[in-house]
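To keep things clear, I will list the structure first and then write my remarks on it.
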Ligand SMILES: C[S@@+](CC[C@H](N)C(=O)[O-])C[C@H]1O[C@@H](n2cnc3c(N)ncnc32)[C@H](O)[C@@H]1O
């Protein structure tokens, strides 16, 4: 490939990254070029296209951007998550939040960057166990994510053996069922009883208004703010805080504590914030 073509491709790729950032908030700086190209090539392979050059021409020059963008976002997002990730939050929930919750009110939780669903299903396991000890306790959980692929996976609730390693044995016995795929590989599915308690939807935290309920008891906004610039972090924290009830809690990732700077939030523990009335 000639130097001129290479430079033209780089310019197209840079423009594409700027569009992705403006739509998703995800920062894609020049120094991540290798990662960005690797992720775009995934899409190139999936489409059976010859090379990245051809793909960039199609997307940026031949009017395919609008239809391709959701797929590009799917490959460009980092979806790493685990069951019982940063489990101090679940301990805090059980020890400090649930005991004070009035039973007559449904306990409402939003997993605001739910990826493939592990965070929301972990919460469902913990809340369902609480319900066994506290008659009349009711809860609802919604998970939202930018990636349509992750929302699809979350709704299925099917995981590989590697993906469930952090689920404690007692929870595994109660809430996961073993199965196999069509070629005999072992897979595990969250039991229907739990899947029915959790809803998933595609949603962009960059949107002006969020189509989820206000008055949440707990919002998990974990390990997503790190991908945004300072101004976007502040705006997203503020918009998400609007969806907490007074006295509700915001959980952020343990590396994101300094970002939860909304004046309505008071820090209660590591990466735990309470919205003051
Ligand atoms: C690293 S995962 C974190 C998942 C989970 N919260 C956890 O802590 O394990 C980050 C998720 O944020 C999602 N995400 C990135 N930008 C987003 C945006 N603008 N709106 C909604 N979700 C977004 C990605 O698709 C990805 O699934």
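In full-length UniProt numbering, the protein residues as written are 1 to 277.
Backbone N, C-alpha and C fix where the C-beta goes; we use that ideal spot for every residue, glycine too.
In this text the structure is predicted, and so the values were computed from the model without any measurement.
- The segment 210-224 and the segment 235-254 touch, with no fewer than 3 CB-CB distances between them shorter than 8 Å.
- Taken atom to atom, the span from the alpha-carbon of residue 213 to that of residue 240 is near 11 Å.
- Per DSSP, residue 208 lies in no alpha helix (DSSP H) segment and is marked neither H nor E.
- Under the three-state reduction of DSSP output, residue 177 falls in the strand class.
- Look at residue 208: its beta carbon is at least 6 Å from all of the heavy atoms in ligand 1.
- Counting C-beta pairs with one atom in each stretch, the segment 124-132 and the segment 189-201 have three or more that are closer than 8 Å, which means they touch.
- Spanning the alpha carbons of residue 189 and residue 182 requires a straight line of approximately 15 Å.
- When the beta-carbon positions are compared, residue 223 and residue 149 stay at least 7 Å from each other.
- At least one heavy atom of ligand 1 sits closer than 6 Å to the Cβ of residue 224.
- In the DSSP assignment, residue 64 falls outside any alpha helix (DSSP H), carrying neither H nor E.
- The three-state reading of DSSP puts residue 183 in coil, since its state is none of H, G, I, E or B.
- For residue 157, the Cβ stays outside the 6 Å cut-off from all heavy atoms of ligand 1.
- A direct Cα-to-Cα measurement between residue 256 and residue 237 gives close to 11 Å.
- For the set 151, 145 and 35, the Cα lying nearest the Cα of residue 221 is the one of 145.
- Contact annotation, residue 252 with residue 260: C-beta distance approximately 5 Å; criterion of less than 8 Å satisfied.
- Within the segment 3-87, the alpha helix (DSSP H) runs of at least 4 residues that lie entirely inside it are, in chain order, 3-24, 33-47, 52-61 and 65-76.
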